[in-house]
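Take a look at the structure below.
Chains as they are written, first to last, in this note's numbering: chain A, 1 to 90; chain B, 91 to 449.
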């Protein structure tokens with residue numbers, strides 16, 4: 001389950017990385033951009049919505065992973081306690 | 091073919107050649123004491139997490155970044171506007187640096203307050219101070235790389251400060267700048283520091299730091315050594331590692347969220363001929379030092395005020411480095427005063443930073 005969730009966590013990132021680069025801007029636009037402040041932001045509404053969906057999905061995955069990790073922590077802590085209280089094995 | 095048999099065979103093949111079972115046995119035997127100070131043990135591995143993120147995102151940025159006067163700013167503009175998700179990679183790199191430096195300060199201050207540098211961990215502390223200095227140097231050198239007005243002005247101010255050091259000051263400034271003034275040589279020099287010299291130095295000291303921690307084990311709070319409760323020590327693997335995984339997940343999530351929602355912008359390319367912008371300030375982690383330098387008067391007893399300020403700060407760093415040697419009896423009155431000094435330092439740094447921001 002953890003492997004599945006971790007892989008699923010990276011799949012949207014891979015699909016974003018495969019997005020084709022937008023065509024090079026006209027020289028006038030490039031020159032203007034270089035003379036002004038460049039504000040980092042998604043390039044279009046489609047990219048913006050994908051990124052926000054990814055953020056939501058990321059936090060859901062983190063919550064699920066944390067839930068399973070907490071279960072595992074309870075299990076291993078319990079194992080540790082039981083081993084401590086057991087008499088030494090021959 | 092039985093997959094389990096193949097994987098066991100592969101594991102046995104590697105074990106015969108690498109002998110990694112010994113490392114796994116060490117990790118299984120390693121214990122982490124459970125007490126009120128255990129929460130601070132998570133800060134060390136968090137710094138490692140953010141350093142790893144810096145390396146990965148830094149390599150990705152280096153694919154497109156060009157460290158020349160004409161192309162530095164343009165290449166970052168290209169990363170932000172043309173490279174798919176380049177703006178996120180740059181933003182993650184920016185925020186990861188901020189988190190790494192903040193947690194490095196928290197880590198160091200927590201060690202100071204709970205006195206984990208007590209014998210035999212003095213060298214761990216000293217190597218940790220070096221790691222903090224390297225981390226700040228990463229921040230300082232990386233700040234120039236976008237080559238915009240703000241970074242140029244901040245670097246001019248920052249590289250001018252060592253000039254006040256007697257005898258070697260001018261040489262240090264020339265070494266940092268690659269000449270008398272900031273130029274293209276400064277940019278390529280800072281880039282070399284940022285991507286090769288500093289990572290190599292940091293990795294070497296980090297290996298030494300981690301080796302010492304594994305060799306000496308985790309420290310106990312002051313006064314706990316005689317009444318150590320072995321029941322309350324957790325095995326590092328898997329109990330503590332699973333807990334660390336939760337902390338890593340949360341901080342990674344916060345990092346990516348901040349990177350997406352608050353990405354850094356890029357100003358226009360720096361002009362070497364232009365005067366520095368009004369009210370120039372360094373990054374937040376240098377603000378308290380910057381303000382400290384500003385409060386010194388121009389002359390103190392016929393000596394240049396800047397020189398006195400730099401020497402005072404340098405003396406403070408030396409004291410900081412030698413803290414375990416000075417605080418050799420932490421349970422006595424001197425030790426209590428040094429703990430109080432830690433809280434005073436926090437108050438001072440916060441107050442000076444806020445003052446610098448508001449002025």
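Just so you know, even glycine gets a beta-carbon here, dropped at the ideal spot from N, CA and C.
Computed from a predicted model, the values in this text were never measured in an experiment.
Taking 9 Å as the cut-off, the Cβ atoms of residue 343/B and residue 73/A do not count as close. A direct Cα-Cα distance of roughly 8 Å separates residue 125/B from residue 311/B. DSSP lists 393/B as the bridge partner or partners of residue 390/B. The closest CA to that of residue 181/B, considering only 222/B, 352/B, 210/B, is found on 352/B.
For the stretch 51-72 of chain A, residues whose beta-carbon sits nearer than 7 Å to a beta-carbon of chain B comprise 51, 55, 58, 59, 62, 65, 66, 69, 72. Counting only the Cα atoms, residue 425/B lies some 19 Å from residue 219/B. Within the stretch 335-367 of chain B, contact with chain A at the beta-carbon level (separation under 9 Å) is assigned to 335, 336, 339, 340, 342, 343, 346, 347, 350, 351, 353, 354, 355, 356, 357, 358, 359. Collapsing the DSSP output to three states places residue 373/B in coil. In this chain, the beta strand (DSSP E) harbouring residue 121/B covers 121-123. Counted as a single uninterrupted DSSP element, the alpha helix (DSSP H) harbouring residue 414/B occupies residues 413-416. Counting only runs of 4 or more residues that sit fully inside the stretch 144-182 of chain B, the alpha helix (DSSP H) segments are 162-171, in chain order. Secondary structure of residue 77/A (DSSP, three-state): helix.
Counting only residues of its own chain and dropping the five nearest sequence neighbours on each side, residue 288/B has a CB closer than 8 Å to the CB of 224, 227, 228, 231. DSSP places residue 289/B in no beta strand (DSSP E) but in the uninterrupted alpha helix (DSSP H) bounded by 288-306. Sequence-distant partners of residue 267/B (beyond 5 residues in either direction) whose C-beta falls short of 8 Å from its own C-beta, in its chain, are 249, 273, 275, 276, 279. Here the alpha carbons of residue 42/A and residue 207/B stand approximately 47 Å from one another. By the Cβ test, the stretch 330-345 of chain B is in contact with the stretch 137-148 of chain B, since at least three Cβ pairs between them sit closer than 8 Å. When DSSP states are grouped into helix, strand and coil, residue 325/B belongs to the strand group. Under the three-state reduction of DSSP, residue 383/B is assigned to helix. Closer than 7 Å at the C-beta level to chain A, one finds these residues of the stretch 144-170 of chain B: 164, 167, 170. Flagged as an interface residue toward chain B: residue 38/A, by a C-beta distance shorter than 9 Å.
Nearest to residue 296/B by C-alpha distance, out of 262/B, 240/B, 325/B, 221/B, is 221/B. Cβ-Cβ distances below 6 Å link residue 360/B to 237, 238, 239, 242 in the same chain, with the five nearest sequence neighbours on each side left out; the list follows chain order. At least one CB of chain A lies nearer than 9 Å to the CB of residue 177/B.
Proximity of the stretch 418-436 of chain B to the stretch 194-209 of chain B meets the contact definition, three or more beta-carbon pairs being nearer than 8 Å. For residue 168/B, the CB contacts under 7 Å within the same chain, skipping 5 residues up- and downstream, are 154 in chain order. Look at residue 366/B here: in three-state DSSP terms it is coil, with no helix or strand label.
Counting only residues of its own chain and dropping the five nearest sequence neighbours on each side, residue 255/B has a CB closer than 6 Å to the CB of 400. Within its own chain, the residues whose Cβ lies closer than 7 Å to the Cβ of residue 134/B, once the five positions on either side in sequence are excluded, are 197, listed in chain order. Contact with chain A is absent for residue 446/B, since none of that chain's Cβ atoms lies less than 9 Å from the residue's Cβ. Measuring C-alpha to C-alpha distances from residue 246/B to each of 258/B, 257/B, 263/B identifies 263/B as the nearest. With three or more CB-CB distances shorter than 8 Å, the stretch 379-398 of chain B counts as touching the stretch 438-448 of chain B. Secondary structure of residue 203/B (DSSP, three-state): helix. DSSP places residue 127/B in the coil class of the three-state scheme, outside both helix and strand. Within a 10 Å sphere around the beta-carbon of residue 235/B sit 16 or more other beta-carbons, which makes this residue buried.
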